Every structure is written in C-alpha cells, then in structure tokens.
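A quick write-up on the structure given underneath.
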Amino acid sequence: MALLEVADLGVRYGPIIGTDGISFALDDGEILALVGSNGAGKSSTLKAILGMAPYPAGAISFAGAALRGCKPSEIVRHGIGYAPEGRRVFSAMSVSENLRVGGFARSAHDNAARIRRLYDYFPRLAERAGQRAGSLSGGEQQMLAIARALMPRPRLLLLDEPSLGLAPIIVERIGEILREIQVAEGLAVILAEQNANWALSLAGRAVILELGKVAATGAAADLLRRPEIRRAYLGA
Amino acid sequence: MFTPTLLAQVVVNGLSLGAIYVLVALGFTLLFGIMRVVNFAHGAFAVLGGYALYYLYGQYRLPYILAVPLSALLVAVISLLLERCVFRWFYQKMFQSMIGLLGLNMALVFGSVIIWDTYERAIPPAFNGMLQLGGVILPLDRLMVVAIAAAILALFWLFMSRSRWGLAMRAAAQDVEIAEAQGIDTLSTYRLAFFIAIFMTALAGGLYAQIYALSPFMGDRPLVVAFIAVILGGMGSIPGAALGGLILGFTESFLSTFYGATLSAFVSFGVVILLLIFRPWGLLGTPE
Ligand SMILES: Nc1ncnc2c1ncn2[C@@H]1O[C@H](COP(=O)(O)OP(=O)(O)O)[C@@H](O)[C@H]1O
Ligand SMILES: [Mg+2]
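Chains as they are written, first to last, in my numbering: chain V, 739 to 974; chain X, 310 to 597.
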C-alpha cells in the first residue's frame, strides 16, 4: 500500500479552482517532484494534504487513514512535515526556538536530541543557533524551514518551492542535504517546484501540473528525456 | 516640597499604579497580538476581579495572599464561558471585535449595576502600617501591590519565554497558520491566551479596587490607560505594553501629586497623540 494516496483532488477557494482532479500516490522513502508553472496548483495540493485548503472533491489518505476533516495540527501528528512557500520562519524567534516550535508535539528531551541531529545535517544552523531567524540569509531561512518541519521525524516532508529566490549554489547544497536526510531517515518527500530541472534531478518520479490538472507523470529520468517535456518545462 | 519621603511615595505610588496598568495592558496586548481582538470589555473584567476580591477577602475573610490570586482565577475560569459564547466569534476579526466587545462591556457593566448597584464599596487594606527605611516612610499596602504585581509579571515572563505553551503563543502571534501547521492547535492556544489575559486583568482589578474604590464603573480608567499604554508601547508588543504601563503609572503619580489629576490625564493623552504623529507604530512596536 502506498504511503500517501491523493485521489481526484479538487481544491476550491470559493468559486476559484485550485486543483481540478489531481491523482497520484507516493511510497515510503520516495522523492516525488510536483512540477508546474505559477498557478498550476502545486501549493494548493500540498495545502490540501495538510488540511490547510478545502477540497470539496476527492480524497487523501496517509498510511491508510483518511485525512479529510482533520485540522493541520492533527495531520502533522500523523507524520507529515511542511515547509511552506516563502519559508515563513518565525522571524522574531531564535533559530533554536523555531526548531522547538517544530517539535511542539514532542517532549523537551526528544527535541534536544533531534535538534542536535538536525544541526549535523545543517551545520550552518548550528552556527546561528541563538540568532534571530529574521536576521538569517534566504538560504539559511530555507534550511531552517526544512529543519523545523523535520523536527517531529515525519515520514513525509512537503516542500513548497524551496529553491525560490536562492542562488544556484545554495539550491544545490539544499538538494545534497535533502538526499542525505532521505537516505538516512527513509523520508518520503514531495517537492513542489517551478525549477523543474533541479526538482527532476532529485526526484525518482514526477507529476507535472498544468492549470490544476495532471499534464504528465512518470519516472523523472524518462520525463527528462521526452522532447515535448524538455521544451515546455525545462527551457531546452 | 521635594522631601525624600514625598519623593519616595511618588515613586512607590507610581510603581504600584504602573504595575497595575502593566497587568491590564499585557492582557489587552495579548488578546490583540494573538487573536487580533480589541477587547473593549477589558475594564469590565477588572471590575469582576474587584468584586471577586471584595467577596473572598473583604466578606469571607480569606487570607489576603490567597484571596488575590484566587479571585483572579475565579473570574478567569468563569470567563471561559464568555470565550466560548462571545470572544470565539471575533478571533481574527479586528473591527467586528471592537463593536461586539463594546457591547459585551455594556452588558457586563450594567449587569454589575443590577447585581451590585452603583454605590462604591471599599476593600479593606491588607496592611495598615508604614515601612520606615532610613529617613523615608512608605505605605506597606502599596508595597504589597508592587510585590504581588512583580511576582505575577515575573511568572508571566518566565512562562512566555521558557515554557512550551509560551513558545506556542509567541508562534501563533507571529503566524497562526504556520503555527498550526507545526502541530500547535490554534483554538487551544487562543483559549489559553484568553485565560491568562483575563487572569492578569482581574488580578489588577482587585488591586486597583483596593487602592481606590470598587464600583461597576471602576473599569473605565484601567481600560483607557491600558489602551493608551498599548498604543504607546506598540500594538501587540509585550515589552511595549510593560513599558507603556510603567510610563503612564509614573506620569500619573508624579503629575497628580504635584499638579493635580486633570493635568496628569491631559499630559498622558497629549504625549500619546504626539507620539502617534511622529512614531505611529509606538515605542517598541514595528512599522507595518
Ligand atoms: N488563498 C487563495 N484564494 C484564492 N485563490 C487561490 C488561493 N490560493 C491559490 N489560489 C488560486 O489557485 C490556483 C492555484 O494556485 P497555487 O496552488 O498557489 O499554484 P502554484 O503553487 O502552483 O503556483 C491559482 O489560480 C491561484 O490564483
Ligand atoms: Mg505555489
């Protein structure tokens, strides 16, 4: 059985359509790229999984449990972490406080050990532990948003546009760290990205969205070879 | 006129008044900062705190040090009903909350008039003596007010900066959607913030009623001062509310001792108007 199943998902914001019948599934430990241009419905999909966007149509199940009707704070406890678009770190708090917010549902003892582990993955954050999150660079804030989402050791990580506005070298670095964590913890990741080249290079499989619908899906390596995909999404 | 004793009394009066204002203002700013609710019924909760202390301490003769926190606790617990029935509808609705809670204020104040009538009651002082320190004589009951308020403020500060739920409240104040997405239940956080805010205000109301006099209309002045203190310090800023409350307490104590109460009110409001012209986000707030 798949870890996550999204079936015929229809997100609506009143009359506005966020997604229009999206279906895909994801296994444990897999990285799935969710690719598409601005407004394609990537964020809407992630928000629906987390219970932050309403979906009158469709169903989402995680580890066999239907998620409809759960509050985000409950869905997080099922084992899903979320690093939102635009990072949205708690800028007035220190780096370590941000991490403790991420570990809110767990004991202080668990959190202390987990923070040490995450500082191993993200040494830059260790150096900045006591600093206000608002004073970090964009790349460091992105790392903090990811580390915050990883605090409760989720089985699935939802990443919304982590590359947005970052220098290519930082994006590469974040990709390396993600891979390392995925291998070490058996983490499944949904990587919503406009930067399709990068996302497909990290992912095993990809779903390409267009105007709220699935335009193509398959192994990332295959998609990278298909000429019409290269032309439309990879700027080749 | 500036004898050491007089000056010391001005300072102690300023401190005790300021401490009371800080307690009221902190509650007010907590409700605004976390739930975006402008609680125009804030003073009414101070009144309820006053009556609770009047009964527990004045009538039933509980030990003072027990009666003060217990009466605030009583008001806060009963008020959870109002959270359920009234406040919850106004969370994250700033303008609606102003009107709705202005209405609640009237309901509570005139409900108090029906129950307790309009005449003023006195809560007996906890201590009658004076403390002699060097050449300076200080009233003990005022010092007690300062000590109690300081203890509560210290607890509040520890709670906000160290505890898990304090962290959750600060997170929710900054970005409630993301706090929820990190596993923090929004409604529980709101309820807790409400409880703490009402507790501090009711406690301040008891102390205020003891210094002045208790009546259903007693809450107007603390509400207005808290409002000014919060604007002075910066809406939603916790250190700002503390600073604003202290400044207003000292200003009032100093000016009313030497120049009379009218001038004191005039100056307090005047300073705030000037500040709002030149620094609309307050002393410790952040510009939008
Ligand atoms: N909060 C919202 N209210 C109304 N419409 C929204 C909201 N969020 C997204 N949309 C709309 O939903 C569609 C999909 O947006 P989104 O999921 O953010 O796409 P993407 O993340 O791929 O850029 C867009 O047309 C967008 O305008
Ligand atoms: Mg998006």
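Glycine included, every Cβ here is placed at the ideal spot set by N, Cα and C.
Fair warning: this is a prediction, and the values are worked out from it, not measured in the lab.
Would you call X/Q441 buried or exposed, if buried means 16 or more other Cβ atoms sit within 10 Å of its Cβ? exposed
Have a look at the DSSP bridge pairing and note the partners of V/E948. V/K951
On the three-state DSSP scale, how would you describe X/Y428? coil
List the residues of chain X whose Cβ lies closer than 7 Å to the Cβ of V/A791, in chain order. In chain order: nothing, as chain X lies at least about 11 Å away.
In chain order, what residues of the stretch 829 to 856 of chain V put their CB closer than 8 Å to some CB of chain X? S829, A830, M831, E835, R838, V839, G840, F842, A843, A846
V/E768 classed as buried or exposed, judged by whether at least 16 other C-beta atoms fall within 10 angstroms: buried
If the cut is a Cβ gap below 8 Å, which residues of chain X does V/P753 touch? Those do not exist, as V/P753 stays about 22 Å from chain X at its closest Cβ, beyond 8 Å.
Kindly indicate the opening and closing residues of the beta strand (DSSP E) around V/Q879. Here V/Q879 belongs to no beta strand (DSSP E); instead the alpha helix (DSSP H) covers 876 to 888.
Specify the secondary structure class of X/I493 as computed by DSSP and reduced to three states. coil
Which residue marks the beginning of the alpha helix (DSSP H) containing X/S577, and which one marks its end? 570 to 587
Contact between the stretch 370 to 389 of chain X and the stretch 507 to 514 of chain X (3+ Cβ pairs under 8 Å): yes
At a Cβ threshold of 8 Å, is X/Q405 touching chain V? no
Chain X contact for V/V814 (CB, 8 Å cutoff): yes
Using only CA atoms, which one of X/E429, X/G492, X/L584, X/G444 lies nearest to X/S524? X/E429
Check: V/S832 C-beta below 7 Å from any heavy atom of ligand 2: no
Short CB-CB distance (under 8 Å) between X/R345 and chain V: No, because no Cβ of chain V sits closer than 8 Å to the Cβ of X/R345.
Neighbour flag for X/I432 against chain V, beta carbons, 8 Å: no
For a test of your reading of the model: does the CB of V/I760 fall under 7 Å from any non-hydrogen atom of ligand 1? Yes or no. Not a single heavy atom of ligand 1 lies less than 7 Å from the C-beta of V/I760.
For a test of the three-state rule: what should DSSP assign to V/F860, helix, strand or coil? Three-state DSSP puts V/F860 in coil, outside helix and strand.
For V/K780, is the beta carbon positioned less than 7 Å from some heavy atom of ligand 2? yes
Distance cut-off 7 Å: V/H899 Cβ against heavy atoms of ligand 2: Here residue 899 of chain V is Glu; the residue named in the question, His, does not match the sequence. Yes, the beta carbon of V/E899 sits closer than 7 Å to at least one heavy atom of ligand 2.
So, for X/R471: in the same chain, excluding its five sequence neighbours on each side, which residues have a beta-carbon less than 6 Å away from its beta-carbon? none
Rounded to whole angstroms, what's the CA-CA distance from V/P810 to X/V539? Just pull it up for me. 32 Å
Quick one: residues in its chain with C-beta nearer than 7 Å to the C-beta of X/V319, no 5 flanking neighbours on either side, listed in chain order? S562, F563, T566
Buried versus exposed, by CB contacts within 10 Å (16 or more), X/V422: exposed
Taking X/D484 as the query, report the chain V residues whose CB atoms sit under 8 Å from its CB, ordered along the chain. R826, F828
Given this structure, state the Cα-to-Cα distance separating X/A350 from V/R911, to the nearest angstrom. 53 Å
Is V/E948 near ligand 2 - that is, is its Cβ less than 7 Å away from at least one heavy atom of it? no
Assuming X/S546 and X/T338 are in contact, meaning their beta carbons sit under 8 Å apart, how far apart are those beta carbons, in whole angstroms? Distance from X/S546 to X/T338 at the Cβ level is roughly 7 Å; contact confirmed, criterion being Cβ atoms closer than 8 Å.
Could you confirm whether any beta carbon from chain X is found closer than 8 Å to the beta carbon of V/P685? With chain V covering only 739 through 974, there is no way to say anything about residue 685 of chain V.
Taking the alpha helix (DSSP H) that V/E768 falls in, what are its first and last residues? Run containing V/E768: none; DSSP gives neither H nor E here.
Unbroken alpha helix (DSSP H) run spanning X/D529, endpoints: Element bounds for X/D529: 529 to 542.
Separation of V/G759 from V/V773, as counted between CA atoms: 16 Å
Which residues in chain V have a C-beta closer than 7 Å to the C-beta of X/L592? List them in chain order. None at all; the shortest Cβ gap to chain V is about 16 Å.
Between which two residues does the beta strand (DSSP E) carrying X/T448 extend? Checking the displayed sequence, the identity of residue 448 of chain X turns out to be Pro instead of Thr. Judged by DSSP secondary structure, X/P448 falls within the beta strand (DSSP E) whose first and last residues are 445 to 448.
Any residues in the stretch 474 to 506 of chain X with a beta carbon nearer than 8 Å to a beta carbon of chain V? Which ones, in chain order? Here the close residues are L476, A477, R479, A480, Q483, D484, E486, I487, A488, E489, A490, Q491, G492, I493, D494, T495.
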